[in-house]
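Note sheet for the following structure.
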Amino acid sequence: MSFFLFPFDSLICILLGISFTVWFTLLLVFIIVPAIFGVSLGIRKLYMKTLLKIFKWATLRIERGAKEKNHLLYKPYTNGIIAKEPMSLEEEIKEIRGSGSSKDLSSPEFEMSDIFYFCRKGVESIMDDEVTKRFSPEELESWNLLTRSNYNFQHISLRLTVLWGLGLLIRYCFLLPLRVTLAFTGVGLLVVGTTMVGILPNGRFKNFLSEKVHLMCYRICVRALTAIITYHDSENKPKNGGICVANHTSPIDVIILASDGCYAMVGQVHGGLMGIIQRSMVKACPHIWFERSEVKDRNLVAKRLSDHVEDKTKLPILIFPEGTCINNTSVMMFKKGSFEIGTTMYPVAIKYDPRFGDAFWNSSKFGMVSYLLRMMSSWAIVCSVWYLPPVTREEGEDAVQFANRVKSAIARQGGLVDLLWDGGLKREKVKGTFKEEQQKLYSKMLVGNPEDRSRS
Amino acid sequence: METDQCTFYYKSKTVNSALSRTEWIQLKEVLSFHDWKLVTLALPKSCHLSSHQVTVSSSHICRLYDRFHALDKDDKGSLNRSDFQNISELAVNPLGDRIINAFFPDGMDLIDFNSFVRILARFRPVDQNPKKEPNAPEPINSRVNKLKFAFQLYDQDKDGKISKSELLQVLRMMVGVQVTEEQLESITDRTIQEADLDGDDAISFEEFKKSLDKVDIEHKMSIRFLR
Numbered sequence: 001m002s003f004f005l006f007p008f009d010s011l012i013c014i015l016l017g018i019s020f021t022v023w024f025t026l027l028l029v030f031i032i033v034p035a036i037f038g039v040s041l042g043i044r045k046l047y048m049k050t051l052l053k054i055f056k057w058a059t060l061r062i063e064r065g066a067k068e069k070n071h072l073l074y075k076p077y078t079n080g081i082i083a084k085e086p087m088s089l090e091e092e093i094k095e096i097r098g099s100g101s102s103k104d105l106s107s108p109e110f111e112m113s114d115i116f117y118f119c120r121k122g123v124e125s126i127m128d129d130e131v132t133k134r135f136s137p138e139e140l141e142s143w144n145l146l147t148r149s150n151y152n153f154q155h156i157s158l159r160l161t162v163l164w165g166l167g168l169l170i171r172y173c174f175l176l177p178l179r180v181t182l183a184f185t186g187v188g189l190l191v192v193g194t195t196m197v198g199i200l201p202n203g204r205f206k207n208f209l210s211e212k213v214h215l216m217c218y219r220i221c222v223r224a225l226t227a228i229i230t231y232h233d234s235e236n237k238p239k240n241g242g243i244c245v246a247n248h249t250s251p252i253d254v255i256i257l258a259s260d261g262c263y264a265m266v267g268q269v270h271g272g273l274m275g276i277i278q279r280s281m282v283k284a285c286p287h288i289w290f291e292r293s294e295v296k297d298r299n300l301v302a303k304r305l306s307d308h309v310e311d312k313t314k315l316p317i318l319i320f321p322e323g324t325c326i327n328n329t330s331v332m333m334f335k336k337g338s339f340e341i342g343t344t345m346y347p348v349a350i351k352y353d354p355r356f357g358d359a360f361w362n363s364s365k366f367g368m369v370s371y372l373l374r375m376m377s378s379w380a381i382v383c384s385v386w387y388l389p390p391v392t393r394e395e396g397e398d399a400v401q402f403a404n405r406v407k408s409a410i411a412r413q414g415g416l417v418d419l420l421w422d423g424g425l426k427r428e429k430v431k432g433t434f435k436e437e438q439q440k441l442y443s444k445m446l447v448g449n450p451e452d453r454s455r456s
Numbered sequence: 001m002e003t004d005q006c007t008f009y010y011k012s013k014t015v016n017s018a019l020s021r022t023e024w025i026q027l028k029e030v031l032s033f034h035d036w037k038l039v040t041l042a043l044p045k046s047c048h049l050s051s052h053q054v055t056v057s058s059s060h061i062c063r064l065y066d067r068f069h070a071l072d073k074d075d076k077g078s079l080n081r082s083d084f085q086n087i088s089e090l091a092v093n094p095l096g097d098r099i100i101n102a103f104f105p106d107g108m109d110l111i112d113f114n115s116f117v118r119i120l121a122r123f124r125p126v127d128q129n130p131k132k133e134p135n136a137p138e139p140i141n142s143r144v145n146k147l148k149f150a151f152q153l154y155d156q157d158k159d160g161k162i163s164k165s166e167l168l169q170v171l172r173m174m175v176g177v178q179v180t181e182e183q184l185e186s187i188t189d190r191t192i193q194e195a196d197l198d199g200d201d202a203i204s205f206e207e208f209k210k211s212l213d214k215v216d217i218e219h220k221m222s223i224r225f226l227r
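So the protein lines, in turn, are chains S and B.
Count the first sequence with the UniProt record's numbering and you get residues 1 to 456, in order.
Count the second sequence with the UniProt record's numbering and you get residues 1 to 227, in order.
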């Protein structure tokens with residue numbers, strides 16, 4: 001029996017061998033070599049344009065299908081579903097009171113109608129609040145041929161289904177294996193490269209090599225995600241001795257920023273694969289990795305960060321002050337820790353285009369591995385990075401005000417909503433101090449200011 | 001009572017809302033509004049609801065269902081009090097707990113989507129030109145019903161009157177620790193004196209309604225959907 005299979009056996013071997021060689025040569029020429037030299041062949045931009053045309057067509061087909069059946073399409077509305085008045089507590093209550101009586105409005109008193117203000121605000125927040133929707137992926141107005149973002153499935157025609165099936169095939173059978181190969185190559189090269197550079201004695205040559213190795217590996221990783229990034233205002237890129245702060249949407253943010261410049265990373269020491277990567281990275285240039293026990297000690301953290309920034313030969317630190325991943329429609333409260341150090345801050349705004357793939361990591365729903373798989377089976381990750389001009393703390397400004405100023409600048413540039421709420425609300429309940437603020441404001445309307453009372 | 005299966009499509013699930021015909025008619029009254037976009041839901045052929053075209057705004061139902069789903073983090077199909085307490089803006093509202101109680105009448109602990117919509121429907125803006133049919137029931141978003149909603153925030157024991165202690169409780173919730181007990185007591189006394197007409201030292205619903213006669217409740221207790 002095996003006698004007959006022998007010629008086929010070697011034929012299959014030869015075919016497999018040839019296809020592997022071709023595959024790897026293509027990979028090398030079109031992807032890895034440009035990554036090493038930081039050059040772009042323009043393939044990804046072309047890919048993006050083609051995809052956009054297909055999405056437009058798909059959306060039109062769905063709309064046409066819906067019109068034929070005389071249905072309304074469900075269009076998600078991220079800017080809020082109800083009309084809210086932007087008036088303060090005082091103004092609103094005065095208005096309610098004013099419509100009810102002709103009494104003097106400036107004297108503090110109580111009216112039964114005051115309750116309407118709190119009642120309406122409460123029900124408005126039940127219908128739509130600013131915080132809950134920040135921890136789930138942004139909803140799209142048009143369909144991008146991914147099942148996970150489809151709301152109008154019943155309007156899909158046969159042609160669209162075929163297109164969707166084709167897309168599925170391309171994404172999972174062609175793009176996914178390609179990207180996984182690249183990812184392994186990138187990470188492998190990073191570990192090997194940084195370990196080798198770590199053997200050299202400290203000096204300018206080592207720093208130069210370490211920079212090259214880091215950049216090359218991050219660029220390969222960028223191609224592993226098919227990330228199409230546009231950098232704006234590169235003259236404001238962070239310099240040594242500063243801290244770079246950015247809004248946080250996913251772990252990919254690190255790869256995106258680090259493929260355009262060299263940073264010192266900050267983070268907790270992990271075990272396993274992450275731990276290996278961390279240990280080898282630190283051999284080539286100083287990063288700041290904390291043990292789990294050290295993270296709680298605020299003073300220790302602050303000291304290590306300030307020691308690092310004082311040494312001007314060390315790279316700028318990369319920090320995400322929100323502390324958790326937000327869905328890229330808003331910027332939430334910046335933790336003041338890194339703003340107390342007193343050095344130049346380089347704000348960076350990162351905005352993802354959700355049409356090609358949603359980069360938001362919902363850590364309560366997906367683990368890291370399934371998240372990466374989702375990323376690698378999307379069409380692409382498209383984003384814009386803006387380097388904002390450096391800022392320093394002004395006279396008489398405390399860390400919290402400084403943090404809020406930087407946050408507003410980032411939100412403005414990225415077109416994101418600027419919120420004062422804490423990103424920690426993803427997992428915890430809100431503190432009681434906010435309620436006290438509302439109670440204080442209302443008490444003033446009820447009994448006037450404490451100073452007035454003591455005078456009379 | 002026949003139950004018509006009225007379905008509407010939401011994301012990739014088909015939601016079967018098993019309402020009886022009368023409930024469905026009530027829901028239609030509650031949600032239709034003359035300048036909302038109106039579309040036909042996928043109604044079964046046996047469901048002839050009225051002489052004019054049966055149309056309800058499915059986009060508004062869908063938005064509320066979206067919201068219901070977002071609040072229902074454990075995918076139970078219903079909401080409990082803790083789901084409401086997770087809304088940060090509601091948790092910092094001084095009357096937050098009372099408002100949550102308004103959604104759980106009669107000691108129930110879970111609320112389904114139909115009840116959720118029905119309670120929120122009270123905040124629908126008032127019809128500008130209502131058709132006055134002689135025996136039609138009061139629409140759920142009328143001025144009187146809005147007042148009733150606010151009244152129940154005061155009247156915890158549901159005896160139809162706001163007693164002095166109930167008024168004190170609500171005031172205390174709204175001011176926290178910022179105001180002394182004496183000041184609150186004097187405010188309460190004054191308020192009851194002004195509003196109480198039959199001298200029983202408590203405010204009944206009629207007296208409540210009268211004292212708020214001129215207040216613009218139609219606007220202040222209404223929430224408008226954006227297109």
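C-beta: ideal position from N, C-alpha, C; glycine also.
For this session: Along the alpha helix (DSSP H) that carries S/Pro34, what are the first and last residues, could you check?
Result: Val33 to Phe37
For this session: Using a Cβ cut-off of 7 Å, pull out every chain S residue sitting near B/Ser88, in sequence order please.
Result: Asp129, Val131, Trp421, Leu425 and Val430
Problem set entry | The beta strand (DSSP E) enclosing S/Ala349, as first and last residue numbers | Met345 to Asp353
For this session: Can you tell me which of the three DSSP states residue 488 of chain S falls into?
Result: Only positions 1 to 456 of chain S appear in the structure, and residue 488 of chain S is not among them; the question remains open.
For this session: Output the boundary residues of the alpha helix (DSSP H) element that contains S/Met274.
Result: Gly272 to Ala284
Exercise. So, is B/Phe84 buried or exposed, given that buried needs 16 or more other C-beta atoms within 10 angstroms?
Worked result: buried
Exercise. Count the other CB atoms within 10 Å of the CB of S/Val331; is the residue buried (16 or more) or exposed (fewer)?
Worked result: buried
Exercise. Between the C-alpha atoms of B/Leu226 and S/Ile229, what's the straight-line distance to the nearest angstrom?
Worked result: 34 Å
Exercise. Taking the alpha-carbon positions, what's the S/Thr132 to S/Ser363 distance?
Worked result: 15 Å
Problem set entry | Cα-Cα separation between S/Ile115 and B/Asp97, rounded to whole angstroms | 14 Å
For this session: Could you have a look at S/Ile326 and say whether DSSP puts it in helix, strand or coil?
Result: coil
Exercise. Would you say B/Ala121 faces chain S, with C-beta separation under 8 Å as the test?
Worked result: no
For this session: In the DSSP assignment, find the unbroken alpha helix (DSSP H) run with S/His308 in it and report its ends.
Result: Arg298 to Glu310
Problem set entry | Cβ-based neighbour list, S/Ile276, same chain, cut-off 7 Å, excluding 5 preceding and 5 following | Val191
Exercise. With a CB to CB cut of under 7 Å and the five nearest residues on each side skipped, what residues in its chain are close to S/Trp421?
Worked result: Glu130, Val131, Met332 and Met333
Exercise. What residues of chain S sit near B/Gly96, judged by a beta carbon separation below 7 Å?
Worked result: Gly122
Exercise. Can you give the beta carbon distance from S/Asn240 to S/Leu315, rounded, assuming they're within the 8 Å contact cut?
Worked result: 6 Å
For this session: Use the C-beta contact count for B/Glu206: other C-beta atoms within 10 angstroms, 16 or more gives buried, fewer gives exposed.
Result: exposed
For this session: Just the C-alpha distance for B/Trp36 and B/Pro105, rounded to the nearest angstrom, thanks.
Result: With a pLDDT of only 27 at B/Trp36, under the threshold of 50, the placement of this residue in the model should not be trusted; the figure read from the coordinates follows. Near 30 Å, if we compare the C-alpha coordinates of B/Pro105 and B/Trp36.
Exercise. Once you ignore the five residues that flank B/Leu197 on each side, which residues in its own chain have a CB closer than 8 Å to its CB?
Worked result: Glu207 and Lys210
Exercise. Does S/Ser88 get closer than 8 Å to chain B when you measure Cβ to Cβ?
Worked result: no
For this session: Starting from the N-terminal side, write out each stretch of the beta strand (DSSP E) that is 3 residues or longer and does not extend beyond the segment 200-269 of chain S.
Result: 227-232, 243-246 and 264-268
For this session: Spell out whether any CB of chain B is found under 8 Å from the CB atom of S/Glu436.
Result: yes
Exercise. Is the CB of B/Lys148 under 8 Å away from at least one CB in chain S?
Worked result: no
For this session: Give every residue of the same chain whose Cβ lies closer than 6 Å to the Cβ of S/Leu425, excluding the five residues on either side of it in the sequence, and list them in chain order.
Result: Val131
Exercise. When you compare each of S/Cys244, S/Ile341 and S/Asn327 to S/Ile319 by their alpha carbons, which one comes out closest?
Worked result: S/Cys244
Problem set entry | Member of S/Val406, S/Cys383, S/Ser384 and S/Val385 whose CA lies at the smallest distance from the CA of S/Arg393 | S/Val406
Exercise. Can B/Val215 and S/Ser113 be called in contact, C-beta distance under 8 Å?
Worked result: yes
For this session: Under the assumption that B/Asn141 contacts B/Ala121 (Cβ atoms under 8 Å), give the Cβ distance between them as a whole number of angstroms.
Result: 6 Å
Exercise. Secondary structure at B/Ile87, three-state DSSP: helix, strand or coil?
Worked result: coil
Exercise. List, in order along the chain, the chain B residues whose C-beta lies closer than 8 Å to that of S/Lys440?
Worked result: Gly176 and Gln178
Exercise. In the structure shown, what three-state DSSP assignment does B/Val215 receive?
Worked result: coil
For this session: Taking C-beta pairs closer than 8 Å, name the residues in chain S that B/Ile223 reaches, listed in chain order.
Result: Ile82, Ala83, Arg120, Val123, Glu124 and Met127
Problem set entry | S/Ala35 to S/Ile255 span [Cα, whole Å] | 14 Å
Exercise. Whose CA, out of B/Ile187, B/Gly107 and B/Arg190, lies closest to the CA of B/Asp157?
Worked result: B/Gly107
Problem set entry | Straight-line Cα distance separating B/Asp72 from B/Arg143 | 31 Å
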